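Numbering (the working numbering), first residue to last: 4 to 254. Don't be surprised by glycine CBs; every beta carbon is placed ideally from N, CA and C. Since the model is a prediction, treat every value here as computed from it, not as a measurement. First comes the structure, then the notes that go with it.
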């Protein structure tokens, strides 16, 4: 899965930035965020949850996917591509309603025709809809229920403050890579040329010297939903209760 990409390989070690107590910077030039597009990955089947669309799980009455898009908007991002796959027929109407309700967003959806090929294939679908102008692409998952707008802003700030030569910023909690991550043109070109499941993970392993690891103290960046046990952990450890919509038919 994209949220657990493993450790970097190779002879070079990635750059490391430790985040202690809040954002890297407290104020950001929001005009610069116009040059960054966002991608939300929502193509999974939800096999271990009974083939249900995890993106439609409700937190405080709101689908997780809608919440993610609102967090992106709060962080200053307006150009957003949502990648669907399995359950596209159930999720697309929710996105259509959101696009009507939020005309200020450049919100687009694309369906990955081969969602089982993994995040690399989904990213290529999204990149095909993003024009060449954005200097960065931020990627997060639809099923990250703990994520907050400040977490997105933190990654954006790390991107803007990155050392020369860095083309990928990845948050890490307790040794686990997470999302949102953000990458530049080198990664974008490599992903676009890739095939099958090949994507950011493979580029990161081949170019660790161009990776900035953002060390964070909270699992918001790495907690996603795969099983019923994950739902129970959210409730018991974080006080976050997710519920399925009243009618969520299986695939």
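- Annotation: residue 228 to residue 217 spans about 22 Å, alpha carbon to alpha carbon.
- Less than 8 Å separates the beta-carbon of residue 139 from that of residue 187.
- Under the three-state reduction of DSSP output, residue 203 falls in the helix class.
- Distances from the CA of residue 114 to each of 129, 157, 169 and 78 were compared; the closest alpha carbon is that of 129.
- When rounded, the separation of the alpha-carbon atoms in residue 196 and residue 133 is 15 Å.
- In this structure residue 215 is in contact with residue 169, their Cβ atoms being roughly 5 Å apart against a cut-off of 8 Å.
- Residue state for residue 64 is assigned as coil, using DSSP reduced to three classes.
- Fully enclosed beta strand (DSSP E) runs of no fewer than 3 residues occupy 171-176, 184-186 and 214-218 of the region 162-248, in order along the chain.
- Relative to residue 150, the option among 74, 198, 91 and 48 whose CA is nearest is 74.
- For the options 45, 87, 108 and 117, the alpha carbon positioned closest to that of residue 81 is the one of 108.
- Taking 8 Å as the cut-off, the beta carbon of residue 173 is found no closer than this to the beta carbon of residue 159.
- Residue pairing of residue 109 in beta bridges, as defined by DSSP: 82.
- Taking all protein chains in view, the Cβ of residue 66 is crowded by 16 or more other Cβ atoms within 10 Å, so the residue is classified as buried.
- Rounded to whole angstroms, residue 51 and residue 137 show a C-alpha spacing of 36 Å.
- Here residue 154 has 223 and 224 as same chain residues with Cβ atoms under 7 Å from its own Cβ, once five neighbours each way along the sequence are excluded.
- Residue 117 and residue 94 have their C-alpha atoms some 17 Å from each other.
- By the neighbour-count definition (other C-beta atoms within 10 Å, threshold 16), residue 177 is an exposed residue.
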